[in-house]
(Lines of atoms letter the chains of each structure in order from A; the text may use other names.)
(Lines give C-alpha, C1' and ligand atoms only; values in the text may rest on other atoms or scores of the structure.)
Protein backbone atom coordinates (compact mmCIF):
# COMPACT_ATOMS: atom_id res chain seq x y z
CA UNK A 140 0.00 0.00 0.00
CA UNK A 141 1.18 3.48 -0.78
CA UNK A 142 -0.11 6.74 0.71
CA UNK A 143 1.43 9.72 -1.05
CA UNK A 144 0.62 13.41 -1.45
CA UNK A 145 -1.99 12.75 -4.16
CA UNK A 146 -3.81 9.67 -2.97
CA UNK A 147 -3.75 5.99 -2.08
CA UNK A 148 -2.51 3.08 -4.13
CA UNK A 149 -3.07 -0.61 -3.55
CA UNK A 150 -1.24 -3.34 -5.43
CA UNK A 151 -2.63 -6.84 -5.51
CA UNK A 152 -1.33 -10.05 -7.03
CA UNK A 153 1.19 -12.78 -6.40
CA UNK A 154 4.79 -11.84 -7.13
CA UNK A 155 3.69 -9.20 -9.61
CA UNK A 156 2.07 -11.84 -11.85
CA UNK A 157 -1.38 -10.60 -12.88
CA UNK A 158 -0.85 -7.58 -10.67
CA UNK A 159 -3.76 -5.19 -10.23
CA UNK A 160 -3.07 -1.60 -9.20
CA UNK A 161 -5.89 0.51 -7.75
CA UNK A 162 -5.41 4.23 -7.16
CA UNK A 163 -7.76 6.75 -5.55
CA UNK A 164 -7.22 10.48 -5.17
CA UNK A 165 -7.96 11.75 -1.65
CA UNK A 166 -10.76 14.00 -2.92
CA UNK A 167 -12.51 10.96 -4.44
CA UNK A 168 -12.63 8.91 -1.23
CA UNK A 169 -16.22 8.36 -0.11
CA UNK A 170 -15.57 6.26 2.99
CA UNK A 171 -12.97 4.48 5.07
CA UNK A 172 -14.16 1.68 7.32
CA UNK A 173 -12.49 -0.64 9.83
CA UNK A 174 -13.11 -4.37 9.90
CA UNK A 175 -11.80 -6.33 12.91
CA UNK A 176 -12.49 -9.64 14.58
CA UNK A 177 -12.36 -9.96 18.35
CA UNK A 178 -8.79 -11.28 18.15
CA UNK A 179 -7.85 -8.43 15.78
CA UNK A 180 -9.10 -5.90 18.34
CA UNK A 181 -7.05 -7.52 21.09
CA UNK A 182 -3.96 -7.42 18.86
CA UNK A 183 -4.76 -3.89 17.56
CA UNK A 184 -4.70 -5.03 13.93
CA UNK A 185 -7.40 -5.03 11.30
CA UNK A 186 -8.44 -4.14 7.79
CA UNK A 187 -9.12 -0.65 6.43
CA UNK A 188 -11.63 -0.63 3.59
CA UNK A 189 -11.48 2.37 1.24
CA UNK A 190 -14.33 3.17 -1.16
CA UNK A 191 -14.50 5.95 -3.73
CA UNK A 192 -17.39 8.10 -4.84
CA UNK A 193 -17.26 6.41 -8.25
CA UNK A 194 -18.06 2.90 -7.01
CA UNK A 195 -20.25 1.23 -4.42
CA UNK A 196 -17.69 -1.55 -3.93
CA UNK A 197 -14.36 -1.75 -2.14
CA UNK A 198 -11.65 0.04 -4.08
CA UNK A 199 -8.66 -0.56 -1.82
CA UNK A 200 -8.32 -2.98 1.09
CA UNK A 201 -5.47 -2.57 3.58
CA UNK A 202 -5.39 -6.05 5.12
CA UNK A 203 -3.97 -6.95 8.52
CA UNK A 204 -2.43 -3.59 9.33
CA UNK A 205 -1.38 -2.36 12.77
CA UNK A 206 -3.43 0.41 14.41
CA UNK A 207 -6.09 0.54 11.68
CA UNK A 208 -8.02 3.32 13.45
CA UNK A 209 -5.02 5.65 13.17
CA UNK A 210 -4.59 4.82 9.49
CA UNK A 211 -8.27 5.51 8.87
CA UNK A 212 -8.08 8.87 10.66
CA UNK A 213 -5.00 9.93 8.67
CA UNK A 214 -6.73 9.05 5.40
CA UNK A 215 -9.97 10.84 6.28
CA UNK A 216 -8.14 13.92 7.58
CA UNK A 217 -6.20 14.16 4.32
CA UNK A 218 -9.41 13.66 2.32
CA UNK A 219 -11.16 16.45 4.23
CA UNK A 220 -8.19 18.79 3.79
CA UNK A 221 -8.03 18.13 0.04
CA UNK A 222 -11.78 18.59 -0.38
CA UNK A 223 -11.66 21.94 1.46
CA UNK A 224 -8.80 23.09 -0.77
CA UNK A 225 -10.66 22.00 -3.89
CA UNK A 226 -13.79 23.92 -2.82
CA UNK A 227 -11.70 27.04 -2.13
CA UNK A 228 -10.04 26.76 -5.53
CA UNK A 229 -13.44 26.42 -7.21
CA UNK A 230 -14.74 29.52 -5.38
CA UNK A 231 -11.64 31.50 -6.35
CA UNK A 232 -11.96 30.44 -9.99
CA UNK A 233 -15.63 31.39 -10.12
CA UNK A 234 -14.77 34.77 -8.52
CA UNK A 235 -12.14 35.41 -11.19
CA UNK A 236 -14.66 34.54 -13.94
CA UNK A 237 -17.24 36.92 -12.42
CA UNK A 238 -14.69 39.74 -12.28
CA UNK A 239 -13.68 39.12 -15.89
CA UNK A 240 -17.31 39.29 -17.00
CA UNK A 241 -17.96 42.58 -15.14
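Numbering (the numbering used here), first residue to last: 140 to 241. We put the beta carbon where it would ideally sit given N, CA and C, even for glycine.
In this structure, does DSSP put residue i in helix, strand or coil?
i: residue 213; result: helix
i: residue 219; result: helix
i: residue 143; result: coil
Can you tell which of the options has its C-alpha closest to the C-alpha of residue i?
i: residue 204; options: 183, 198 and 144; result: 183
i: residue 159; options: 200, 206 and 194; result: 200
i: residue 175; options: 181, 185 and 167; result: 185
Return the first residue and the last residue of the beta strand (DSSP E) that residue i is part of.
i: residue 147; result: 146 to 153
i: residue 158; result: 156 to 164
i: residue 197; result: Per DSSP, residue 197 belongs to no beta strand (DSSP E) and is neither H nor E.
Is it buried or exposed for residue i, if we count other Cβ within 10 angstroms and need 16 for buried?
i: residue 165; result: buried
i: residue 211; result: buried
Identify the continuous alpha helix (DSSP H) that holds residue i and give its terminal residues.
i: residue 178; result: 177 to 182
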